[in-house]
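To convert, note that position 3 of the sequence shown is -9 in this note's numbering; the numbers rise steadily by one, no gaps. Here's the structure, in structure tokens; my notes come after.
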Amino acid sequence: MIVNLAIGFVTPPLGANLFMASQVGNVPIESLSRTILGWIGTMLVALMIITFIPAISLYLPELLS
């Protein structure tokens, strides 16, 4: 769920973090959007791994129980 939210916060049209970074860095939103595409791809791959390999997300809860 957290990874999904992180992806949502950096992708338009509701990319609050993307718009904030654009304003703070005085960088056009179009340029910043192109730059962040590689990171979004990496986050999507990580999301798929976490989603489809349950042992990764259940390791810590199993360790603590």
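Glycine included, each C-beta is placed from N, C-alpha and C at the ideal position. Bear in mind that the values here come from a model prediction, so they are computed numbers and not experimental data.
Boundaries of the alpha helix (DSSP H) harbouring T23: 17 to 40, taken from the DSSP string. When the Cα atoms are used, L52 and V12 turn out to be separated by approximately 41 angstroms. Taking a cut-off of 8 angstroms for Cβ pairs, the region -11 to 1 and the region 29 to 37 touch, as three or more such pairs fall below it. Its Cα nearest to that of T23, the residue T(-1) stands out among P42, L48, T(-1). In the structure shown, P49 adopts helical secondary structure according to DSSP, grouped into three states.
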